[in-house]
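*Asks:* In terms of my numbering, the sequence shown is residues 101 to 643.
Using N, Cα and C, we set each Cβ at its ideal position, and we do this for glycine too.
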Amino acid sequence: MRFIAALKIIVPGWLAFAAAAQGQEDHAAHCEAMIDTRNLTLYRAEWRPASESGPAYCHVQGQVGPGLTYYVQLPAPEAWNGRFLNWGDGGHDGDLDYAPHRIAEGYAVANSNMGHDNGSQPGATFAFNDRHAERVYGYGHIKMTADAAKTAISAFYGRPADYSYHEGCSTGGRQGLMAAQRWPQIFDGIVAGAPASFLQRLNVTHNWDMQVMLRDNYAGSLSYDTDDNGTLDSLTKADMLTEAVLAQCDANDGIVDRVVNNPETCDFVPERDLAHAMCVDDVNGDNCFTTTQLEAIQAIYSGPYDSAGTSIYKGKSYGSEMRWPLIVVPHEGNNHRPGQMGLASDYVNFLFYDNDPGVPTARPTDLSLEPDATREPPEFAWWQFDFDDFTRGLGDTMRAITDADDPNMSRYLKQEGGKLLIWHGWADTVIPAQPMVDFYGEVVDVTFDGDRAASDESVRLFMPPGVAHCAGGPGPDSWDRLAPIVEWVENGTPPDSLTVQKLDDGAVVNERLVCPYPEQAVYVGDGDANDPANWVADNFVCE
Ligand SMILES: [Ca+2]
Ligand SMILES: [Ca+2]
Ligand SMILES: [Ca+2]
Ligand SMILES: [Ca+2]
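What follows is the structure, given as structure tokens:
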């Protein structure tokens with residue numbers, strides 16, 4: 101009996117292997133024939149066999165001229181889950197981004213270069229007096245890429261996808277809201293993380309923060325030159341600010357974990373709560389704040405204002421300070437070029453004005469370099485930007501092209517029945533979180549007449565505490581971004597909470613619920629709320 105049983109296993113196994121090999125050959129031939137897909141300009145169609153990094157798929161790559169390059173990756177028909185996933189981009193993009201984990205789950209995945217290649221047009225240079233490139237980058241690429249992907253999917257599988265999704269963060273979040281507002285028929289479900297959707301106001305804010313930190317030879321910076329050698333080597337001031345905010349607000353949520361759960365209820369007042377740490381006679385030092393530095397702190401929380409006192413955009417949230425040294429504060433460790441400088445240094449050159457004012461100077465952190473306006477093209481330094489130009493409307497043309505700021509999403513959320521999950525980490529130092537809370541409120545008001553019960557059926561906002569830009573930060577930042585929207589779209593089950601985890605070397609060290617805004621996760625466990633052993637999702641409820 102044992103021998104016969106073994107034979108039964110071996111023979112079908114061999115047949116299955118032979119059939120699979122034949123199937124692979126068929127798939128490969130079928131994939132290569134994709135190069136002749138009608139009405140698509142494809143320049144690559146190749147079958148990529150299964151490897152350590154994932155299962156086999158058909159990779160097609162094509163272009164929509166001029167400028168847009170995209171790929172579509174198509175799992176074998178028997179491995180396809182019937183879904184199309186548009187994989188979101190980051191920053192100014194300019195390359196192809198891959199999602200092998202989603203291919204492994206059976207999704208047909210697409211991504212584009214947003215209309216330009218950053219190898220030949222780095223940063224925002226692609227937008228130098230190029231309205232076509234700006235429109236493709238602003239919104240056009242979403243439609244072009246999705247249409248091409250849907251055509252390729254129908255050609256490869258002989259039928260359209262059952263469901264179409266967008267998953268993205270930052271620029272990918274902007275793409276999600278842009279699709280919901282301008283291309284409401286493309287996707288059934290959209291996950292928009294930390295959306296860069298108010299792009300003009302956001303970049304004015306980046307410029308503001310950098311001016312606040314770098315002007316007058318770094319007078320506002322929360323770093324200090326302890327050995328007087330010209331480099332700002334100490335971050336004591338930034339650490340003092342971080343600790344002062346935590347002392348004031350960490351325990352508000354009942355758990356001391358260096359996470360401020362709800363910055364909206366954090367009563368931190370810099371001039372009051374840093375009063376004990378002001379420098380004697382306003383003489384700068386490593387362990388104290390000058391008046392200029394206190395004003396800089398206030399300015400980064402408040403966000404930019406024009407000269408008439410009109411707020412342009414809200415700034416960073418309380419509880420985000422521990423990431424400021426990475427993104428905002430110039431110091432020796434980041435070569436005096438904090439992360440935000442990358443966006444601030446050429447944005448107003450190429451992506452703000454109707455007609456671009458000129459190219460950047462040679463060294464963006466050297467404010468003593470006098471821009472040469474007589475050259476062709478002229479030079480224009482980011483720190484020459486006048487904040488009044490925003491309220492004067494000089495960025496309105498570009499705002500209409502790049503910003504996904506329309507709170508009326510009736511077409512997507514009502515007429516098309518689309519589902520939208522927005523999330524934004526409260527400790528985001530790249531894209532301030534508060535404006536997304538405000539925008540969500542506008543969506544509820546404008547699209548749903550203020551009816552939260554109605555809006556809950558199609559749009560929900562989650563604000564993971566202590567989470568930095570798209571990931572990272574002191575709070576739990578790990579969960580499957582896509583699964584909740586798929587469940588919502590296909591089974592009609594909206595996410596009543598997200599279970600998020602903090603992983604350390606693969607081990608879960610903290611687990612929480614994140615609730616749909618404005619609900620908050622409340623600890624209801626039996627044990628001590630401050631014992632990390634009790635930080636499991638079951639010990640929290642949404643209220
Ligand atoms: Ca890309
Ligand atoms: Ca130094
Ligand atoms: Ca806390
Ligand atoms: Ca431009």
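#1: Who are the near neighbours of residue 634 in its chain, counting only those whose CB is closer than 7 Å to its CB and skipping five residues on each side?
#2: Below 8 Å between beta carbons: does that hold for residue 323 and residue 335?
#3: Using the Cβ count rule (16 or more neighbours within 10 Å means buried), how would you classify residue 267?
#4: Assuming contact is defined by CB atoms lying nearer than 8 Å, are residue 146 and residue 159 in contact in what I supplied?
#5: Ligand 4 and residue 500: does the residue's C-beta get closer than 7 Å to at least one heavy atom of that ligand?
#6: Between the region 400-420 and the region 359-369, do three or more beta carbon pairs fall short of 8 Å?
#7: Quick one, are the C-beta atoms of residue 290 and residue 276 less than 8 Å apart?
#8: Please find out if some non-hydrogen atom of ligand 1 comes closer than 7 Å to the beta-carbon of residue 278.
#9: Give the DSSP bridge partners of residue 159, in chain order.
#10: For ligand 2, is there a heavy atom less than 7 Å away from the beta-carbon of residue 327?
#11: Just to confirm, does residue 456 get its C-beta within under 7 Å of one of the non-hydrogen atoms of ligand 4?
#12: In this structure, does DSSP put residue 588 in helix, strand or coil?
#13: For a test of the three-state rule: what should DSSP assign to residue 293, helix, strand or coil?
#14: Is residue 303 near ligand 4, judged by its Cβ being under 7 Å from some heavy atom?
#15: Just verifying my parser: in three-state terms, what is the DSSP assignment at residue 183?
#16: List in chain order: all unbroken beta strand (DSSP E) runs of 3+ residues lying wholly within the region 499-552.
#17: Using CA atoms only, rank isn't needed, just tell me which of 184, 154, 526, 482 is closest to residue 582.
#18: Candidates 220, 617, 197: which alpha carbon is nearest residue 209's?
#19: Considering only C-alpha positions, which residue in the set 165, 187, 605, 638 is nearest to residue 621?
#20: Using only the heavy atoms of ligand 3, determine whether one of them is closer than 7 Å to the beta carbon of residue 350.
#21: By the three-class DSSP mapping on this structure, what secondary structure does residue 479 have?
#22: Return yes when at least one heavy atom of ligand 1 lies under 7 Å from the C-beta of residue 214, else no.
#23: Please go through the same chain and pick out, in chain order, the residues whose beta-carbon is closer than 6 Å to the beta-carbon of residue 245, but skip the five residues on each side of it.
#24: Give me the Cα-Cα distance between residue 574 and residue 566, rounded to the nearest whole angstrom.
#25: Here's the rule: buried if 16 or more other CB atoms are within 10 angstroms of the residue's CB, otherwise exposed. What is residue 326?
#26: With 16 as the cutoff for other CB atoms within 10 Å, does residue 508 come out buried or exposed?
#27: Would you kindly check if the distance between the Cβ of residue 431 and the Cβ of residue 332 is under 8 Å?
#28: Tell me the rounded alpha-carbon separation between residue 357 and residue 350.
#29: Hey, how far is the Cα of residue 584 from the Cα of residue 594?
#30: Among 409, 381, 374, 403, which has the Cα closest to the Cα of residue 394?
#31: On the DSSP letters alone, give me the boundaries of the alpha helix (DSSP H) that residue 486 sits inside.
#32: Whole angstroms is fine: what's the gap from residue 239's alpha carbon to residue 194's?
#33: Is it the case that the region 165-179 contacts the region 225-236, given that we only count it when at least three CB pairs across the two stretches are under 8 Å?
#34: At a Cβ threshold of 8 Å, is residue 229 touching chain C?
#35: Three or more beta-carbon pairs under 8 Å between the region 386-400 and the region 297-314, yes or no?
*Replies:* Considering the structure as presented:
#1: 625, 627, 628
#2: yes
#3: buried
#4: yes
#5: no
#6: yes
#7: yes
#8: no
#9: 146, 173
#10: yes
#11: yes
#12: helix
#13: strand
#14: no
#15: strand
#16: 519-523
#17: 184
#18: 197
#19: 638
#20: yes
#21: strand
#22: yes
#23: 170, 210, 212
#24: 5 Å
#25: exposed
#26: exposed
#27: yes
#28: 7 Å
#29: 7 Å
#30: 374
#31: Unbroken run through residue 486: none, as it is neither H nor E.
#32: 14 Å
#33: yes
#34: The structure shown contains no chain C; it holds only a single protein chain.
#35: yes
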